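In UniProt numbering, the protein residues as written are 1 to 495.
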């Protein structure tokens, strides 16, 4: 095997899945190394809120791998040296296995017609014997990519310890929120958790490392420890005591069904991960450290780094870098937000929709169910809040920093988007968003609440409010469209 490190030179890189957990951390590392990056996501508006989106060496591109994407992929692959494939389909629910394989075939077909030199694929550590659907999909994806006849460097990892890692956030939420955990006996399954920093360094150095042929390499942390031991060690670090009671009859599916009340991690992702954690994730595949030795980062050091950077979730354009949002964030809040909302497609103009959105609150009210808003205001007042105080800026146009009742405007993009920081007394941090997407022939209006729960109390609050959310956001979207002169209103498939 030929192994050497080429002198660092600028490469033209395509990152597929740049908006994800690993991708959003990898792109800035590649930019710091001087590379030119095309970053893709199927949600371009969210991608444009990454802190690095204005870097002169990065360009942002919409890419939806599900469906007819051959032309878009072919164009994106033009003049590209290196491709990072970082997407997965766990958020797609029970059909994610077929979804992952389908999009992998789309990418593999496009690669076979390209001049790409190397693909770096982030896979998953494989257990011996029977596997979970999530882990099986990761392995099958690597096999499909290799059918392209492009060099595929597959780097496999088990549990990644870092801010936003779903496996880490599930563990953190469970340890932080629950004094006792009834867990399956397979919580003793072994793995080699690895620090996010180490993963990013390995991925980044694959650009210039000289290697012959396609390879499968394992990324491992310095210790082999069980998920139970990880939970206990995390608990000690945050000064928590947790009792873990293991029972033989609790299956991975049963455990996953209980997760939504203990963690803010999206349930489909958490459920897929739980099934994977029921296996020992210790592999004898060649360790990448034999080719690229890096300083060992032990579990506690990786956790410390993750916990210290969790406030970064509100230090971005999604929250408008708002000082009130940043000051109110607490490290005990759930990293992943809960959400509820409703979308409609309508023939109302963007101008008329925006004109009415700007009237929200104050004497105009909230378009629908005002009695519920008043009731919530009284509850807020009982806890010392000021939600009953009606206020609205004068004039026809809202701006960042304006106050609407107890809300604060943290983003305002005319004809497109309004984001309001939640100001009532409640266990967590949230925002309310009004979004208009103009398709030319029609507009999509979306009204949506996002909520980072403050521990278990914050999760209980969210679920207590869920019936009202489901009722009121649908009513608000339809009422706002009608108020804006719509003659056609249909539910949008975004829900």
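Idealized CB from N, CA, C, for every residue including glycine. Note that the coordinates shown come from a computational prediction; the quantities given were computed from them, not determined experimentally.
* To do: Give, in chain order, every unbroken run of the beta strand (DSSP E) that is at least 3 residues long and sits entirely within the stretch 182-254.
  => Those beta strand (DSSP E) runs which fall completely within the stretch 182-254 and span 3+ residues are 215-219 and 243-247.
* **Cβ-based burial, residue 231 [other Cβ within 10 Å; buried from 16]** => Buried: at least 16 other Cβ atoms inside 10 Å.
* To do: Drop a sphere of 10 angstroms on the beta-carbon of residue 171, count the other beta-carbons inside from all chains shown, and report buried for 16 or more, exposed for fewer.
  => When all chains shown are included, residue 171 counts as buried.
* According to the neighbour-count rule (16 or more other Cβ atoms, all chains shown, within 10 Å of its Cβ), is residue 274 buried or exposed? -> So residue 274 ends up on the buried side.
* Asked: What is the rounded straight-line gap between the Cα of residue 306 and the Cα of residue 126?
  -> Cα to Cα, the separation comes out at about 25 Å.
* To do: Determine, using beta carbons only, whether residue 84 and residue 161 come nearer to each other than 8 Å.
  => Between residue 84 and residue 161, the C-beta spacing is not below 8 Å.
* Asked: Can you tell which of 358, 138 and 134 has its C-alpha closest to the C-alpha of residue 121?
  -> With distances taken between Cα atoms, residue 121 lies closest to 138.
* Asked: For the beta strand (DSSP E) that residue 339 lies in, which residues bound it at each end?
  -> The continuous beta strand (DSSP E) containing residue 339 extends over residues 338-346.
* **residue 100 - containing alpha helix (DSSP H), residue span** => Residue 100: member of the alpha helix (DSSP H) spanning 96-112, first to last residue.
* **Nearest residue (CA-CA) to residue 346, options 108, 477 and 159** => The shortest C-alpha separation from residue 346 is found at 477.
* Asked: Do you know how far the Cα of residue 176 is from the Cα of residue 168?
  -> Going from the Cα of residue 168 to the Cα of residue 176 covers about 12 Å.
* Cutoff 8 Å: residue 445 Cβ touching any chain D Cβ -> Structure shown: chain D not included; a single protein chain is present.
* **Extent of the continuous alpha helix (DSSP H) run through residue 371** => Here the alpha helix (DSSP H) through residue 371 covers 370-382.
* Between 423, 354 and 414, which lies nearest to residue 381 when the distance is taken from Cα to Cα? -> Of the listed residues, the one whose Cα sits closest to residue 381 is 423.
* Asked: Residue range of the alpha helix (DSSP H) that residue 491 falls in?
  -> For residue 491, there is no enclosing alpha helix (DSSP H); the residue is found in the beta strand (DSSP E) stretching over 489-491.
* For residue 401, which of helix, strand or coil comes out of DSSP? -> Reduced to three states, the DSSP call for residue 401 is coil.
* Along the chain, where does the beta strand (DSSP E) that runs through residue 85 open and close? -> Per DSSP, residue 85 belongs to the beta strand (DSSP E) from 82-85.
* Residue range of the alpha helix (DSSP H) that residue 469 falls in? -> Segment 455-483, the alpha helix (DSSP H) holding residue 469.
* To do: Would you kindly check if the distance between the Cβ of residue 234 and the Cβ of residue 313 is under 8 Å?
  => Between residue 313 and residue 234, the gap from beta carbon to beta carbon reaches 8 Å or more.
* Asked: Taking DSSP as the reference, what is the three-state secondary structure of residue 367?
  -> Reduced to three states, the DSSP call for residue 367 is coil.
* Asked: What's the C-alpha gap between residue 331 and residue 452?
  -> The C-alpha of residue 452 is placed about 11 Å away from the C-alpha of residue 331.
* Asked: Closer than 7 Å: is that where the CB of residue 429 sits relative to any heavy atom of the ligand PLP?
  -> No copy of the ligand PLP appears in this structure; indeed no ligand is present at all.
* Asked: Quick check: the stretch 217-230 against the stretch 281-293, are there 3 or more CB pairs under 8 Å?
  -> Flag = yes, the stretch 217-230 and the stretch 281-293 touch.
* Is the CB-CB distance between residue 404 and residue 392 below 8 Å? -> Contact: yes.
* **Any alpha helix (DSSP H) of 4 or more consecutive residues that is wholly inside the stretch 2-58** => Whole alpha helix (DSSP H) segments, 4+ residues: 21-32 and 44-47.
* **Bridge partner(s) assigned by DSSP for residue 412** => Bridge partners of residue 412: 418.
* Sequence-distant residues of its chain with Cβ nearer than 8 Å to residue 481 (five each side left out) -> Same-chain partners within the cutoff: 344, 346, 348, 353, 445 and 489.
* Apply the 10 Å Cβ neighbour rule to residue 21 and answer buried if 16 or more other Cβ atoms are within range, or exposed otherwise. => Buried.
* If we count the other Cβ atoms within 10 Å of its Cβ and call it buried at 16 or more, is residue 277 buried or exposed? -> Residue 277 is buried by the Cβ-count criterion.
* Can you pull the DSSP bridge partners for residue 154? -> Bridge partners of residue 154: 121 and 216.
* Report buried or exposed for residue 496, applying the criterion of at least 16 other Cβ atoms within 10 angstroms of its Cβ. => The first residue shown for the chain is 1 and the last is 495, placing residue 496 beyond what the model contains.
* Are residue 335 and residue 164 touching if we call contact CB-CB under 8 Å? -> Residue 335 is a Cβ neighbour of residue 164, given a cutoff of 8 Å.
* Have a look at residue 410 and residue 319 and give me their C-alpha separation to the nearest angstrom. => So the two alpha carbons sit approximately 6 Å from each other.
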